[in-house]
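Undergrad:
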Amino acid sequence: MDKKESLELKGIAILLMLMLHLFNTQERVAECTTFLDFWNGKPLVYALSRVGAFCVPLYIFISGYGHGSILAAGRLDFKSACRRVAKLYIIYWVVFLPFIGWGCLAASESYPGSASEFLLNFIGVSCSYNGEWWFLFPYVLLVLFAPFFLPLMLQKAGDGTSRIKTGWIVFFIVLFILCQITRPLCKPYFSFLPFHIAFDTVSLSSMFVWGAAIALGGWLDIDNRNKLKEKCAKIWGFPPSLCLLLIILVCCLLRMSLGPSFLNNIFVLILLPLYLSMPRGRWWRDILCYFGVHSTNMWLCHTFFAYYICHDFIYGLSYPLLMFCVLVLLSLASSILLTPVQKALQKLFVR
449 MDKKESLELK
459 GIAILLMLML
469 HLFNTQERVA
479 ECTTFLDFWN
489 GKPLVYALSR
499 VGAFCVPLYI
509 FISGYGHGSI
519 LAAGRLDFKS
529 ACRRVAKLYI
539 IYWVVFLPFI
549 GWGCLAASES
559 YPGSASEFLL
569 NFIGVSCSYN
579 GEWWFLFPYV
589 LLVLFAPFFL
599 PLMLQKAGDG
609 TSRIKTGWIV
619 FFIVLFILCQ
629 ITRPLCKPYF
639 SFLPFHIAFD
649 TVSLSSMFVW
659 GAAIALGGWL
669 DIDNRNKLKE
679 KCAKIWGFPP
689 SLCLLLIILV
699 CCLLRMSLGP
709 SFLNNIFVLI
719 LLPLYLSMPR
729 GRWWRDILCY
739 FGVHSTNMWL
749 CHTFFAYYIC
759 HDFIYGLSYP
769 LLMFCVLVLL
779 SLASSILLTP
789 VQKALQKLFV
799 R
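Printed below as a string of structure tokens:
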């Protein structure tokens, strides 16, 4: 998987995220005018929001894959990790300051709160200003610790080459399962912020490590994708491209029908190689890459439009497709305006 494909996947992830946050509760869907229902009688957009929940696992996987590629190239170190975090914080603060300033004017009962609340949100430790920023700080911790724990997954073979430790992968599979099992038991303690952050970081680490392992193992390389197409075509008896598309659709329908959130990680790991093995038009890839370039900004700002400041305007549009398109355009326009400032500050302060 190359950088352009990573951007393409980020473009998919941000569009899924916007769909998810518009329609992920029945209360929000009740504010919409809907015409189509899923097989269980619930609105189709509500069912589709379950597919939208792939967004965070997909983001974390892409980041883990990128770190695995950097590790394979011998360039994973703490200094470079700090540079990546510094660039991310510049992006975050350039979104944070104008939108929180807007919030103070438009929703003064919610912003800015106490000085400690402002500070905790400013450094990303708390997400009380915007609940959808919840994985910012856990992600920062994963990036900072990656140079220390990702190399542990490799061991030298007798011929001098590196191999991935199977036990290391099994450990993170068990860790992922334990996090899912214990989450209901741990929720009463989430009010203690350090515990909540630690739990989220550990929970996200599995997808991060699996992404790195797949990068190090080369399991998404072209040869492996071609083998996957051939196997699917033999099993299903359809032309390879049609076969991959049908499997993707079946997986999405299954996710729309099933409830538990832990399935998101599993479905992402299944769907990624299927999607990347499909032939995709250049125009399709270019559009998704464009959204991928702006994905971080769109993630950071979209819920200010959807929930916190422009809720009545967005949901007043009533029709789900129109709401989605307007939210995409508002978030993208914000990113286009903020990106030059972010790049200038990154160039000035990050060496």
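In the numbering used here, the protein residues as written are 449 to 799.
Built from N, CA and C at the ideal position, the CB exists for glycine as well.
Note that the structure is a prediction, hence the values are computed from the model and not measured.
#1: So, under 8 Å CB-CB, Ile-718 and Cys-691 are touching, yes? Tell me the CB distance rounded to an integer number of Å.
#2: Can you tell me whether Lys-679 is helix, strand or coil according to DSSP?
#3: Nearest to Cys-552 by alpha carbon, out of Leu-765, Val-774, Ile-757 and Asp-485?
#4: Contact between the stretch 726-737 and the stretch 532-540: three or more CB pairs below 8 Å?
#5: Do you know whose CA, among Tyr-537, Val-588, Gly-615 and Cys-480, lies nearest Phe-797's CA?
#6: Label Glu-453 either buried or exposed according to how many other C-beta atoms from any shown protein chain fall within 10 Å of its C-beta, with 16 as the threshold for buried.
#7: Quick one: what's got a C-beta closer than 6 Å to Tyr-767's C-beta in the same chain, skipping five residues either side?
#8: Mind the definition here: the stretch 587-599 touches the stretch 511-523 only if three or more C-beta pairs lie below 8 Å; say whether that holds.
#9: To the nearest whole angstrom, what separates the beta carbons of Gly-659 and Ser-511, a pair I think is in contact under 8 Å?
#10: Is it buried or exposed, Ser-562, if we count other Cβ atoms within 10 angstroms and call 16 or more buried?
#11: Considering Cα atoms alone, identify which of Leu-785, Phe-502 and Leu-484 is closest to Val-716.
#12: Quick one: what's got a C-beta closer than 7 Å to Ser-689's C-beta in the same chain, skipping five residues either side?
#13: Tell whether a beta-carbon distance below 8 Å holds between Ile-617 and Ala-554.
#14: Look at the alpha carbon of Tyr-494 and the alpha carbon of Tyr-507, and state the distance between them as a whole number of angstroms.
TA: Walking through what the data contain:
#1: Residue 718 sits at position 270 when you count from the first residue of the sequence shown. Residue 691 sits at position 243 when you count from the first residue of the sequence shown. Contact doesn't hold; Cβ gap of about 14 Å is too wide.
#2: For the purposes of this step, residue 679 is taken as the residue at position 231 of the sequence shown. DSSP places Lys-679 in the helix class (H, G or I) of the three-state scheme.
#3: Within the sequence shown, numbered from 1, the residue matching residue 552 stands at position 104. Answer by Cα proximity: Ile-757.
#4: Result no; under three Cβ-Cβ pairs closer than 8 Å.
#5: Working through the sequence shown from its first residue, we reach residue 797 at position 349. Comparing Cα positions, the closest option is Tyr-537.
#6: Residue numbering aside, residue 453 sits at position 5 when the sequence shown is read from its first letter. Result: buried.
#7: Counting from 1 along the sequence shown, the entry for residue 767 is found at position 319. Here the set comprises Thr-481.
#8: For the pair of segments examined, the stretch 587-599 was found to touch the stretch 511-523: the number of CB pairs separated by less than 8 Å reaches three.
#9: Translated into positions along the sequence shown, residue 659 becomes position 211. Translated into positions along the sequence shown, residue 511 becomes position 63. Their Cβ separation, rounded to whole angstroms, is 7 Å, which keeps Gly-659 and Ser-511 in contact under 8 Å.
#10: Numbered from its first residue, the sequence shown carries residue 562 at position 114. Counting every other CB atom within 10 Å of its CB across the protein chains shown gives Ser-562 a total below 16, marking it as exposed.
#11: Here residue 716 refers to the residue found at position 268 of the sequence shown. Nearest C-alpha to Val-716: Phe-502.
#12: For the purposes of this step, residue 689 is taken as the residue at position 241 of the sequence shown. Residues Met-726 and Pro-727 of the same chain have their beta carbon placed closer than 7 Å to that of Ser-689, with the five preceding and five following residues left out of the count.
#13: On the sequence shown, position 169 is the one that residue 617 refers to. On the sequence shown, position 106 is the one that residue 554 refers to. A distance of 8 Å or more separates the beta carbons of Ile-617 and Ala-554.
#14: The residue labelled residue 494 in the question sits at position 46 within the sequence shown. The residue labelled residue 507 in the question sits at position 59 within the sequence shown. Straight-line Cα distance between these residues: approximately 22 Å.
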